[in-house]
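Heads up: the structure comes next, in structure tokens.
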Amino acid sequence: MGYRRRPSPLHAVRAAVGSGLCVAIALVALLYDHPLVLAATLVAGIGAAVAAGVGRELRRTLLFALPFVALVVLVNPFVSRQGLTVIARFGDLPWFGRLDVTLEATVYGGILGLRALALIVAFALLTLVVDPDQLLRLFRGVSFRSALTATLATRMVPLLQRDGRRIADAQRCRPGPPPSRVTLLRAVASGALDRAVEVAAALEVRGYGGAGSASGAAARRQAAPWSRHDIAFAAVAVALVALAVGGRLAGVAAFEAYPRLEGDWGGATIALAAAVALLPLLPFLDRRGLA
Numbered sequence: 001m002g003y004r005r006r007p008s009p010l011h012a013v014r015a016a017v018g019s020g021l022c023v024a025i026a027l028v029a030l031l032y033d034h035p036l037v038l039a040a041t042l043v044a045g046i047g048a049a050v051a052a053g054v055g056r057e058l059r060r061t062l063l064f065a066l067p068f069v070a071l072v073v074l075v076n077p078f079v080s081r082q083g084l085t086v087i088a089r090f091g092d093l094p095w096f097g098r099l100d101v102t103l104e105a106t107v108y109g110g111i112l113g114l115r116a117l118a119l120i121v122a123f124a125l126l127t128l129v130v131d132p133d134q135l136l137r138l139f140r141g142v143s144f145r146s147a148l149t150a151t152l153a154t155r156m157v158p159l160l161q162r163d164g165r166r167i168a169d170a171q172r173c174r175p176g177p178p179p180s181r182v183t184l185l186r187a188v189a190s191g192a193l194d195r196a197v198e199v200a201a202a203l204e205v206r207g208y209g210g211a212g213s214a215s216g217a218a219a220r221r222q223a224a225p226w227s228r229h230d231i232a233f234a235a236v237a238v239a240l241v242a243l244a245v246g247g248r249l250a251g252v253a254a255f256e257a258y259p260r261l262e263g264d265w266g267g268a269t270i271a272l273a274a275a276v277a278l279l280p281l282l283p284f285l286d287r288r289g290l291a
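Position one of the sequence shown corresponds to residue 1 (full-length UniProt numbering), numbered consecutively onward.
Structure below.
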């Protein structure tokens, strides 16, 4: 799973706006326990991924995440002793004491799993639609060297993985006994040094080695004007945060799992869930100017 530029409105926005939208969706999932609102955040994340053309990549992520979510759902009823409605009794177990499974703990386990799934979708969407180089560039003003180091690290990790796979393939093709550890270490160190020289040469060509290169690059870089896609998605992110915080302060979509299940299923809750699910999809209606 990784970023690839695609002709979608979400890929066209700047990194701050794209990451802001994903963080806003995650914030809604963190602020609310109501299953309807959590389901709405899940719909928003999956819908945005499908509209951005990364639904297939997100599906692969979900396949890896579902076992973790299932574990959260199954474990909570057995570790939580809260709740009044007992649905299963397992008696006294060694080291655990009396084990009773309650309806409230089971439902709250489902809520925790739904929240975990919504957060995974939100941050997987961030990985798929936000350019990591642009995202790291946002932190250059804070620490240029740290941003450069992080950029190089994120670029070098997949490259070193490919080098490792090539070395493993070469080892399997060699006849006779496997090479010694010293020989393998020498080959890996030699390859790492060659790669370091190549990276240093590339950085020097791009002007990173000269005095004042960071300030010069920052001075030459002109801030691009905000596009209509930037404005639309930024407005949606701000609206989501305002709705989430305002609704939380107003007591909308209140939900309590313990000691008994109590939830607000009124019109305000339904309206909040509908807004959370639909707002992130509205900017995708404007696809003008996309290559």
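Ideal placement from N, C-alpha and C gives every residue a C-beta, glycine not left out. As the structure is a prediction and not an experimental result, all values here were calculated from the model.
Beta-carbon proximity list for residue i, same chain, < 6 angstroms, skipping 5 on both sides
| i | result |
| --- | --- |
| residue 17 | 230, 233 and 234 |
| residue 64 | none |
| residue 216 | At residue 216 the pLDDT is 46, less than 50, meaning the model places this residue with poor confidence and gives no usable figure here. |
| residue 277 | 40, 43 and 44 |
| residue 293 | Here the chain covers residues 1 to 291 and nothing more, so residue 293 does not appear. |
CB of residue i within 9 angstroms of CB of residue j, strictly
| i | j | result |
| --- | --- | --- |
| residue 107 | residue 90 | no |
| residue 112 | residue 25 | no |
| residue 167 | residue 187 | yes |
| residue 45 | residue 121 | yes |
| residue 260 | residue 84 | yes |
| residue 38 | residue 115 | yes |
| residue 11 | residue 129 | yes |
Coil, strand or helix - residue i by DSSP
| i | result |
| --- | --- |
| residue 278 | helix |
| residue 86 | strand |
| residue 290 | coil |
| residue 92 | strand |
| residue 130 | coil |
| residue 97 | strand |
| residue 181 | helix |
| residue 191 | helix |
| residue 224 | coil |
Spatial neighbours of residue i in its chain, beta-carbon cut-off 7 angstroms, leaving aside the 5 residues before and after
| i | result |
| --- | --- |
| residue 284 | 9 and 51 |
| residue 239 | 279 |
Close-in-space but distant-in-sequence residues of the same chain around residue i (CB under 8 angstroms, 5 per side omitted)
| i | result |
| --- | --- |
| residue 152 | 199 |
| residue 224 | 14 |
| residue 36 | 253, 265, 269, 270 and 273 |
Identity of the residues DSSP links to residue i by a beta bridge
| i | result |
| --- | --- |
| residue 262 | 256 |
| residue 106 | Answer is none; residue 106 lacks a bridge partner. |
Length-filtered (3 minimum) beta strand (DSSP E) runs lying within the stretch 7–66
none
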